[in-house]
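The numbering of the sequence shown is my numbering, which starts it at 12 and goes up by one. The structure appears below as structure tokens.
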Amino acid sequence: MLHTFVALVSDKPGALTRVASLFRRLSINIVSLTVGESERADVSRMTIVCEAPENAAHRIKASLYKLEITVDVDEVGRSEGVIRELCLIKVAAGPKEPNGLHSRSQIFELATVFRARVVDLAPESIMLEMTGAASKIEGLIQVLRESGYTILEVSRTGRMAMRRGKHTSRVLKALGTNGTAGTVSNETGASDLPSELDDN
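Okay, here's the thing in structure tokens:
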């Protein structure tokens, strides 16, 4: 099954490599990994989607906490969080296509149905931008292919996740939203782990 983890890590060189290496050591496949700035200047937010057995979630979370760059980790489910993905799709839509230039209007109609946006219109192609659940993005791609359109390129960010409501990281709540790069380190979590979760 798929698990979605949100990890807050110190914004330091090599942080992404450390996290990716951890999953390699655990022999767990990363389906997608997005990383970017958070509400603090010295903390990055990673959304990690991985494929693992249902009972592996606690072990993965515990292993992430053992990295000294980790500030906080949370597993976010569909019912308790907002999970979105951004996708760019380039579709062939030139005069040499089966429906000729008429295909453009059909692509526009499909974009409207799926709430996608046209972000580039070239003589031979149309680029669509769509934000939403992975299933909806896959639905648009499938409909385009089944309708006979040639998809030239697809670029997907992978999932981004955030819990609904007032829930925020207890660690960042204590530290505040202002920070200087390099000041945050893991002072919680790892020392409280059960010994059977120690992989080192």
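Note that the Cβ used here is the ideal one computed from N, Cα and C, for glycine as well.
- Around the C-beta of His-69, fewer than 16 other C-beta atoms lie within 10 Å, and the residue is accordingly described as exposed.
- If you ignore the 5 residues before and after Ile-94, its C-beta comes within less than 6 Å of the C-beta of Arg-170 and Ala-172, all in its own chain and listed in chain order.
- If you draw a straight line from the Cα of Ile-59 to the Cα of Gly-150, it is about 22 Å long.
- A direct Cα-to-Cα measurement between Val-87 and Ala-144 gives close to 14 Å.
- For the set Thr-142, Val-154 and Pro-134, the Cα lying nearest the Cα of Leu-121 is the one of Val-154.
- Ranked by Cα distance from Ser-158, the options Ser-114, Glu-140, Lys-101 and Asp-83 are led by Ser-114.
- If you look at Arg-56, you'll find it in the beta strand (DSSP E) that goes 54-62.
- Taking C-beta atoms as the reference points, Val-102 and Tyr-160 count as a pair closer than 7 Å.
- Residue state for Phe-34 is assigned as helix, using DSSP reduced to three classes.
- About 5 Å separates the beta carbons of Cys-98 and Ile-148, which is inside the 8 Å limit, making them a contact pair.
- In the DSSP assignment, Lys-72 falls outside any beta strand (DSSP E) and lies within the alpha helix (DSSP H) extending over 68-76.
- Non-local beta-carbon contacts of Ala-26 in its own chain, meaning distances under 6 Å to residues more than five positions away in sequence, involve Val-20 and Ile-80 in chain order.
- When secondary structure is reduced to three states using DSSP, Lys-177 falls in the coil class, being assigned neither helix nor strand.
- For the 7 Å CB-CB criterion, Arg-174 and Gly-92 form a contact.
- Closest in C-alpha terms to Glu-62, from the list Asp-131, Phe-34, Pro-24 and Asp-83, comes Phe-34.
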